[in-house]
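Notes to accompany the following structure.
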Ligand SMILES: C[S@@+](CC[C@H](N)C(=O)[O-])C[C@H]1O[C@@H](n2cnc3c(N)ncnc32)[C@H](O)[C@@H]1O
């Protein structure tokens, strides 16, 4: 059996893990040994009697900053060539492409911040990759680490059943996913689009593609612009004709 994908997490609250990751898809995969999780307490690397991990910011200002020496020792304890990532709202936004590449590697080491954040010198010295899960501020890096791990774990070989396919999901082709429908075919006066009941595979595929494009164009102009830059111009003209642009 090949070595499992390994996640190392450094946190002031290691007892938060696996948390939600111990359930459902990720939890079953953890039990089956498809991935491994080790959460370490940053406080274990403190050197004083009070197990201090933070101090006041140079230059003044509110809050406390996590000390570089303590974090460096914590990171050294897990350093073995896996990508080392610091979760921070200042980081590059997490994307499905980054998730895919992380899932294809040996695993990750994740540093969860608390307080005002982390002393910049340890980020620089350890060349930590800074990743954000969105343009909002959490009280700690732990939920962000869980988001990143969940996104990676579901892509590991054997984790998703054969029925589920990562290839048709949102972002797979640079587009958001089309809408889904199931039984009953009519509910509270709302009918499932006729084409989905037609049994005509090509018509269904065309409708889904057009819907994916419409939704992406309406909701995520940034993704749409990137998508239209990469799609062959001829193909784009054809597919745009199926779904007229929103006003
Ligand atoms: C209260 S936040 C610190 C916010 C920081 N002072 C700022 O303004 O950017 C504490 C910790 O939560 C985590 N965090 C908060 N929001 C995040 C986000 N959007 N993505 C990833 N991590 C986040 C980081 O680890 C951060 O160090």
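In the working numbering, the protein residues as written are 443 to 689.
From the three backbone atoms N, C-alpha and C, an ideal C-beta is built for every residue, glycine too.
Small disclaimer: the values here were computed from a predicted structure and weren't measured.
The beta carbon of residue 504 sits closer than 8 Å to the beta carbons of 558 from its chain, once the five residues preceding and following it are set aside; these are given in chain order. Within the same chain, no residue comes within 6 Å of residue 633 by CB-CB distance, once the 5 residues on both sides are set aside. For residue 450, the CB stays at least 7 Å from every heavy atom of ligand 1. Under a 10 Å Cβ-count criterion, residue 447 is classified as buried, with 16 or more other Cβ atoms of the shown protein chains found around its own Cβ. In the three-state reduction of the DSSP assignment, residue 592 falls in the helix class, which pools H, G and I. For residue 530, the enclosing beta strand (DSSP E) begins and ends at 526 to 535. By the neighbour-count criterion, in which a residue is buried when 16 or more other Cβ atoms sit within 10 angstroms of its Cβ, residue 494 is exposed. For residue 558, the Cβ falls inside the 7 Å cut-off from some heavy atom of ligand 1. Residue 602 has no beta-bridge partner at all, per DSSP.
Relative to ligand 1, the nearest heavy atom lies less than 7 Å away from the CB of residue 575.
Burial check for residue 620: the Cβ neighbour count within 10 Å reaches 16 or more, so the residue is buried. Closest option to residue 539, judged by alpha-carbon separation, among 646, 649 and 665: 665. Residue 462 is not a Cβ neighbour of residue 472, given a cutoff of 8 Å. Put simply, the backbone Cα of residue 571 is about 38 Å away from that of residue 647. By the neighbour-count definition (other C-beta atoms within 10 Å, threshold 16), residue 453 is a buried residue. For residue 561, the secondary structure class from DSSP, reduced to helix, strand or coil, is coil. The beta carbon of residue 658 sits closer than 7 Å to the beta carbons of 617, 618, 665, 666 and 669 from its chain, once the five residues preceding and following it are set aside; these are given in chain order. Counting along the chain, residue 452 sits inside the beta strand (DSSP E) bounded by residues 447 to 453. Boundaries of the alpha helix (DSSP H) harbouring residue 646: 643 to 661, taken from the DSSP string.
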